[in-house]
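Asker: A single structure is presented below for examination.
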Amino acid sequence: MTLLSIQNLKVHFHTEDGAVRAVNDVDLVIEEGETLGLIGETGCGKTVLGLSILRLLSENTKVEGKILYKGKDLLKLNEGEMRKIRGKEIAMIFQNPLTSMNPVLTIGTQISEPFELHQGLKKKDAIQKVIAILKLVRIPSPSERINEYPHEFSGGMRQRAMIAMGLACEPSLILADEPTKGLDVTIQAQVVDLMKELTTNSKTSMLLITHDLGVAAELCDNIAVMYPGEIVEYADIKELFKNPKHPYTQGFLGSLPGRGLKPMNGMSPSLIDLPEGCKFHPRCPFARERCKNKRPEMVEIGKKHFVRCFLYD
Ligand code: SF4
């Protein structure tokens, strides 16, 4: 069953330098229990897309389209209705726990908040829940650790505490934004294992926002590849790795260790100054005249495999 359906989503900001066109006509679907990976280079609009789902963007943002969660358009809800969704129905795991957590509140106080807010638990009962959930994410001696502050946790423990915070109210959907960024390889592997275990053992769906294809390969069922502001390829994880079709996906995969380590030509365009036509044309080895003037549509080239490129229309 479809849990989240994003339709024709546009997210633009107005700045002194001009309009930042961060998300342009994006369509995405997440089914119940599915983990969808949203991958692409830094600055391609992935995080903005995630934040727009929870309506956590600043006031100078223009958002158009539909974000249907369990059939309800989140863009039409009032702030009170959104507050009931945030944390309870849809939770976000941010990429940097040190800046996302409140430094002057203990871990116990921060994680108990959603239990008190959304489940109406008394402080004492909420703390018992916090201890149980910290145990679940393998924080040692949780009944003592709840009295510590974020800076007293190691990087890996902080990230696990963030995951615990996200899971607190058993949300139907988790938006995980670069959950392993900045962690060393061993801790990263532990966090990935933990997330895999937690999503496999529950019906929780996840949108995993990452530029790390290794992490995506471990956790995702399907992948949407984003290139400044738009989705350029969508496929299930095995198909995408075996049979990437979009020249950008091919270049992105080809730049990885073990797949050639071949850097791609050029740089990603600025979201303020996107090229006309296919956004990838200035870097694409297959670009033709029409790629410069016309935006390609998404076409289905195989079972659940979609590509936005004139080579396949
Ligand atoms: Fe390259 Fe043209 Fe395909 Fe864009 S549409 S990826 S420029 S071949």
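Okay, so the sequence shown: first residue is 2 according to this note's numbering, each after it adds one. We put the CB at the ideal spot given by N, CA and C, even for glycine. Keep in mind the model is a prediction, meaning the values are calculated, not measured.
1. Would you say His306 and Cys292 are within 7 Å of each other, going by their C-beta atoms?
2. To which residues does DSSP link Leu209 through a beta bridge?
3. Under the criterion of a Cβ to heavy atom distance below 6 Å, does His152 qualify as lining the ligand SF4?
4. Using a threshold of 6 Å, is the CB atom of Phe287 nearer than that to any non-hydrogen atom of the ligand SF4?
5. Counting along the chain, where does the alpha helix (DSSP H) carrying Phe116 start and finish?
6. Quick check: what's the CA-CA separation for Ser6 versus Ile175?
7. Cutting at 8 Å between CB atoms, please list the residues of its own chain near Pro104, excluding the five before and the five after it.
8. Could you check what DSSP says for His247 in three-state terms: helix, strand or coil?
9. CB of Cys310 to nearest heavy atom of the ligand SF4: below 6 Å?
10. Consider the C-beta atom of Cys45 and the heavy atoms of the ligand SF4; say whether any pair is separated by less than 6 Å.
11. Using the three-state DSSP reduction, which class does Gln189 fall into: helix, strand or coil?
12. Who pairs with Gln160 in a beta bridge, going by DSSP?
13. Does the beta carbon of Pro248 fall short of 6 Å from some heavy atom of the ligand SF4?
14. Express the C-alpha separation of Lys295 and Lys301 in angstroms, rounding to a whole number.
15. Determine the burial state of His15: buried for a count of at least 16 other Cβ atoms within 10 Å of its Cβ, exposed for fewer.
16. Where does Gly288 fall in DSSP's three states?
17. Comparing the CB of Cys170 with every heavy atom of the ligand SF4, is any distance shorter than 6 Å?
18. Is it right to say Ala177 is buried, meaning 16 or more other beta carbons lie within 10 angstroms of its own, or is it exposed?
19. How long is the line joining the alpha carbons of Ser142 and Arg161, rounded to whole angstroms?
20. For Leu55, count neighbouring C-beta atoms within 10 Å of its own C-beta (all shown protein chains included) and say buried if the count is 16 or more, exposed if not.
21. Kindly list the residues whose CB is nearer than 7 Å to the CB of Leu76, restricted to its own chain and excluding five residues on each side of it in sequence; keep chain order.
22. Helix, strand or coil for Val105 per DSSP?
23. Buried or exposed, going by whether 16 or more other CB atoms sit within 10 Å of the CB of Glu234?
24. Let me make sure I understand the geometry here. Which of Met268, His247, Phe242, Ser113 has the alpha-carbon closest to that of Leu257?
Answerer: Reading from the atomic positions:
1. no
2. Gly38, Ala177
3. no
4. yes
5. 108 to 120
6. 14 Å
7. Tyr150, Pro151, His152
8. coil
9. Yes, Cβ of Cys310 sits closer than 6 Å to a heavy atom of the ligand SF4.
10. no
11. helix
12. Answer is none; Gln160 lacks a bridge partner.
13. Distance from the C-beta of Pro248 to the nearest heavy atom of the ligand SF4 is below 6 Å.
14. Lys is not the amino acid found at residue 301; the sequence shown has Glu there. Approximately 19 Å between the Cα atoms of the pair.
15. exposed
16. Per the sequence presented here, residue 288 reads as Ala, with Gly not at that position. In this structure, Ala288 counts as coil in the three-state DSSP scheme.
17. no
18. buried
19. 14 Å
20. Under a 10 Å Cβ-count criterion, Leu55 is classified as buried, with 16 or more other Cβ atoms of the shown protein chains found around its own Cβ.
21. Val64, Lys67, Ile68
22. Looking at Val105 - three-state DSSP - the assignment turns out to be coil, as it is neither helix nor strand.
23. buried
24. Phe242
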